[in-house]
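Encoded as structure tokens, the structure appears first; notes follow it.
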Amino acid sequence: MLAAITGAELGDDVLDGDPTVRRLEELAARRLGKERALFVPSGTMANQVALGAWTRPGDEIIAERTSHIVTWEAGAAGYLHGLQSVTLDSPRGPLEPAQLTRALRADSLHCAKTALICVEQSFMGGGECAGGQVIALESLRRTADFAREHRIPVHMDGARLFNAAVASGVDAATYAACADSVSICLSKGLGAPVGSLISGDAAFVQRAMVVRKRLGGWMRQAGLLAGAGIFALENNVSRLAQDHALAKQLAAALHGLPGLDCDPSQVETNIVMVAVDHPRHNVDSLTAAFASLGVLVLPMGPRSLRFVTHLDVGEADVARLANAAHGILGAR
Ligand SMILES: Cc1ncc(COP(=O)(O)O)c(C=O)c1O
């Protein structure tokens with residue numbers, strides 16, 4: 003990857019184009035079966051560019067209550083684009099027509115317009131499920147059919163779309179066909195230092211370019227980053243299976259320790275959400291205790307800890323984590 007970075011052919015993407023960024027955008031569009039893709043610095047910006055490109059101030063979006071767009075983007079939908087969010091409860095992520103029907107607004111001067119439905123694949127989860135859940139293709143198709151029937155576009159937050167694809171054996175483009183715009187991240191499981199893409203048809207991407215410009219996300223000699231992204235897409239997708247296997251191993255090592263619950267059979271990708279219910283420890287004290295033993299873990303809400311495997315984590319690290327957990331919590 004370092005060689006891909008240092009050897010990248012560069013230009014000025016904001017003026018006459020950066021050839022390596024172009025190659026990355028074309029590669030991502032091909033992988034997702036979309037007409038075009040646009041390089042942006044982060045997954046949050048990719049989502050926000052999509053929101054801005056599909057909506058007008060005063061519109062509404064529909065999304066799961068704990069989805070990244072609703073929960074972890076600092077209120078950007080409202081702050082940046084003047085949007086209201088109608089949130090649905092679906093702890094494992096699918097948005098089924100029965101729920102969507104109830105969330106739709108009447109076509110009335112009194113109501114906001116439902117302008118976008120947002121799905122997340124894989125679904126990170128807000129601490130109320132195992133985390134990293136793969137939404138079934140059939141469910142995504144039902145969401146897409148509903149949206150088409152009501153002429154509402156669908157945005158897919160595919161920050162970990164390739165995790166879902168590798169875990170399920172369903173091609174990323176097949177999932178992406180269930181949405182009109184799809185974001186992907188290169189800097190998570192795929193191991194690039196920076197970067198995400200937002201994809202869709204040519205008209206969408208043209209609008210997205212304006213929003214990206216407004217957000218300051220159009221980068222000049224970005225081929226350095228795009229080179230890493232191309233390497234990530236070409237070399238680091240199929241190996242996600244190793245992260246998934248390791249995540250199951252990690253869950254098995256923690257499940258059943260006093261006060262911890264994370265059924266390994268529920269782990270589908272690289273995220274392990276561990277429920278904490280311990281007489282002496284809470285998520286904050288456990289996070290601190292793990293950190294003091296060199297294991298970094300993220301609290302997700304009042305009763306969950308999130309562990310993530312990725313290409314820098316190996317079996318020895320999981321063994322070290324298991325030892326740390328035994329040290330903190332005692333034996334089974
Ligand atoms: C599902 C999902 N979408 C979007 C993002 C945002 O990505 P970034 O941190 O690059 O802004 C994340 C980050 O963890 C995520 O989990």
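Mind the numbering: the sequence shown is residues 3 to 334 in our numbering, read in order. Idealized CB from N, CA, C, for every residue including glycine.
Can you check DSSP and say which residues form a bridge with G54? None; G54 has no bridge partner.
- Task: Would you identify the three-state DSSP class for D203, choosing helix, strand or coil?
- Result: coil
Inter-residue CB distance, A79 and L85 (contact presumed, cutoff 8 Å)
The Cβ separation is near 4 Å, so the contact holds.
- Item | First and last residue of the uninterrupted beta strand (DSSP E) at R2 | Because the chain here runs from 3 to 334, residue 2 falls outside it and cannot be looked at.
According to DSSP, residues forming a beta bridge with R308
Checking the DSSP bridge columns, you'll see R308 partnered with M275, L300.
Whole-angstrom distance between V168 and S240, CA atom to CA atom:
7 Å
What does the alpha-carbon distance come out to for the pair A175 and C120? Across the structure, A175 and C120 are spaced so that their CA atoms are roughly 17 Å apart.
Item to complete: Give every residue of the same chain whose Cβ lies closer than 6 Å to the Cβ of V136, excluding the five residues on either side of it in the sequence, and list them in chain order.
Response: Excluding residues within five positions, the ones whose Cβ falls inside 6 Å are S124, A166, A169, S170, E270.
Among residues of its own chain, excluding the 5 on either side of C187, which ones have a beta-carbon nearer than 6 Å to its beta-carbon? Sequence-distant partners of C187 (beyond 5 residues in either direction) whose C-beta falls short of 6 Å from its own C-beta, in its chain, are G45, A161, S198.
For this session: Determine the direct distance from the alpha carbon of H328 to that of A255, and round the result to whole angstroms.
Result: 9 Å
| Euclidean distance between Cα positions of I71 and R305 | 21 Å
Under 7 Å: does the beta carbon of H245 sit that close to some heavy atom of ligand 1?
Per the sequence presented here, residue 245 reads as Asp, with His not at that position. Result no, Cβ not under 7 Å from ligand 1.
Subject >> L226, enclosing alpha helix (DSSP H) - first and last residue >> reply: 225-237
**Q.** Where the beta strand (DSSP E) containing I119 begins and where it ends
**A.** 116-122
_Could you give the first and the last residue of the continuous beta strand (DSSP E) run that contains G160?_
156-160
TODO: Just mark K36 as buried or exposed, buried being the case when its beta carbon has 16 or more other beta carbons within 10 Å.
DONE: With 16 or more neighbouring CB atoms inside 10 Å of its own CB, K36 falls in the buried class.
Measuring only the C-alpha atoms, how far is L252 from L90?
31 Å
Quick one: what's got a C-beta closer than 6 Å to L313's C-beta in the same chain, skipping five residues either side?
-> If we look at L313 and ignore the five residues flanking it on each side, its Cβ neighbours are G193.
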